[in-house]
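A.B. asks: Here it is, the structure, as C-alpha cells.
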Amino acid sequence: MRIAVSSDMDEPPARQVVDDLRRRGHTVEVYGALRDGDRADWAWSAEAAARAVARGEAEQAVVCCWTGAGASIAANKVPGVRAALCADAYAARGARVWSDANALALSLRTLSGGLLTEILDAWFAAGADQERDDQDRANVAHLGAIESATPTPTENAASGIHAGSASERA
8 MRIAVSSDMD EPPARQVVDD LRRRGHTVEV YGALRDGDRA DWAWSAEAAA
58 RAVARGEAEQ AVVCCWTGAG ASIAANKVPG VRAALCADAY AARGARVWSD
108 ANALALSLRT LSGGLLTEIL DAWFAAGADQ ERDDQDRANV AHLGAIESAT
158 PTPTENAASG IHAGSASERA
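If you use this note's numbering, the sequence shown corresponds to residues 8 to 177, in order.
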C-alpha cells in the first residue's frame, strides 16, 4: 500500500512511523520535516500528505504533529480525507471500521515504541467494512454530503450570510 507520512518535526516517533510502515511492506512518501525542502509547519505538511490521498497518489496517510490535533484538523480540510486522531489501538481500530478513516493522526508527544506499534497493528488489521452496519455506512455517506454541501463564499453572499471584513470584525 502507498502511504503518505507527514510530520512537522523530525522526531524519533515520526521516523519510527516511517520505518515501521516500510517494514510492513508499504511504500512510504514523506512530507514536511521528514523531507528536505518541504515546509515543515503542521498545517502545510499534513495538507501535503492528505492531498496525496485525495489525488489517489496514496491510499492512506499518517499525519503527525506535537499533539496530533493540528495535523488532524489540516488533513480533514482536504475533500475526501477522513483523518482520525488516535491515541490508542481501540480508537485506531474504530476509526477504520466505523468511520472508514483514511488518514491516521498521531501525537509525537505521547507516542512510545510499543504504543505506536499497537496503534499501527490495529489500524492495518481493521478493514473498512468489518462489523460496519447500515448506520455506519449512512454516517460515512453523510460525511461526503456535508463536504459537498459546504457553502462557498458566493453562496454565502447569495443567502445573505456576511462575515464582514477584518476591519469590521475587529
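C-beta: ideal position from N, C-alpha, C; glycine also.
It should be emphasised that the depicted structure is a prediction, and the values quoted were computed from it without experimental measurement.
1. Are the beta-carbon atoms of A11 and Y38 separated by less than 8 Å?
2. To which residues does DSSP link C72 through a beta bridge?
3. Just how far apart, CA to CA, sit V104 and S114?
4. If the criterion is Cβ atoms closer than 8 Å, does the pair A76 and A68 meet it?
5. Using alpha carbons as the reference points, say which of A81, R46, R29, A94 lies closest to M16.
6. Give the straight-line distance between the Cα atoms of Q23 and P86, rounded to the nearest whole angstrom.
7. On the three-state DSSP scale, how would you describe R29?
8. My output table needs one value for E18: the three-state DSSP class, helix, strand or coil.
9. Spell out the partners DSSP gives R46 in its beta bridges.
C.D. replies: On the basis of the coordinates in this document:
1. Stepping through the sequence shown from its first residue, residue 11 is reached at position 4. Stepping through the sequence shown from its first residue, residue 38 is reached at position 31. In this structure, Y38 lies closer than 8 Å to A11 by Cβ.
2. On the sequence shown, residue 72 is found 65 positions in, with the first residue counted as 1. The partner list for C72 (beta bridge, DSSP) reads S114.
3. Numbered from 1 along the sequence shown, position 97 holds the residue referred to as residue 104. Numbered from 1 along the sequence shown, position 107 holds the residue referred to as residue 114. Those two C-alpha atoms are separated by around 21 Å.
4. Sequence index remark: in the sequence shown, residue 76 carries index 69 (1-based). Sequence index remark: in the sequence shown, residue 68 carries index 61 (1-based). Contact: no.
5. Locating residue 16 in the sequence shown gives position 9, counting from the first residue. Selected option, being the one with the closest Cα: R46.
6. As a first step, residue 23 is located in the sequence shown; it is residue number 16 there, counting from the start. As a first step, residue 86 is located in the sequence shown; it is residue number 79 there, counting from the start. Each residue's alpha carbon lies about 28 Å from the other.
7. The residue you call residue 29 lines up with position 22 of the sequence shown. The answer is helix: DSSP assigns R29 an H, G or I state.
8. In the sequence shown, the residue the question calls residue 18 occupies position 11. In the structure shown, E18 sits in coil (DSSP, three-state: anything other than H, G, I, E or B).
9. Sequence index remark: in the sequence shown, residue 46 carries index 39 (1-based). Beta-bridge pairing links R46 to no other residue.
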